[in-house]
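J.: The structure's right below; bear with me while I get my questions together.
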């Protein structure tokens with residue numbers, strides 16, 4: 595008579611109690627849960643880095659906007675009235691900084707849209723684990 599287990603495992607399987615089997619399953623599930631948490635942490639860290647870079651771009655847009663106001667004031671006082679009227683010189687400088695601010699803002703806003711706070715890979719693996727637990731034979 596052949597057993598479904600190799601000879602060295604059949605004795606062990608017969609000696610293993612239900613309590614030990616449940617304990618082993620519990621340990622395996624605990625380890626699986628810890629691994630899923632670590633994966634979630636890694637994904638969240640990656641998304642936080644992307645959000646930080648996008649926030650930096652938005653900060654750059656704010657700084658460029660500040661410079662537009664500052665240069666508009668300075669241009670109004672020290673305008674290039676030798677080349678053109680002071681008002682036109684101030685308007686040109688302010689327009690350039692306004693364009694820079696707009697480009698930085700749009701770029702930062704678009705990058706911020708790509709940030710995904712949901713740890714997708716972790717969710718997928720948890721779904722796979724749950725499916726396996728429901729049907730461990732495949």
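Residue numbers (our numbering): 595 to 732.
Ideal Cβ positions, reconstructed from N, Cα and C, are used throughout, including at glycine.
Should the segment 698-713 be called in touch with the segment 610-623, which here means at least 3 C-beta pairs below 8 Å?
T.: Touching, no, given that fewer than three Cβ pairs across the two stretches are closer than 8 Å.
J.: According to the neighbour-count rule (16 or more other Cβ atoms, all chains shown, within 10 Å of its Cβ), is residue 636 buried or exposed?
T.: With fewer than 16 other Cβ atoms within 10 Å, it is exposed.
J.: Closest to residue 688 by C-alpha separation, out of 643, 659, 726 and 728, would be which residue?
T.: For the residues 643, 659, 726 and 728, the minimum Cα distance to residue 688 belongs to 659.
J.: Out of curiosity, what's the CA-to-CA distance linking residue 684 and residue 651?
T.: Near 26 Å, if we compare the C-alpha coordinates of residue 651 and residue 684.
J.: In this structure, how does DSSP classify residue 631 when only helix, strand and coil are distinguished?
T.: Three-state result, residue 631: helix.
J.: With a floor of 4 residues, list each alpha helix (DSSP H) that falls wholly inside the segment 631-708, ordered by position along the chain.
T.: Whole alpha helix (DSSP H) segments, 4+ residues: 680-707.
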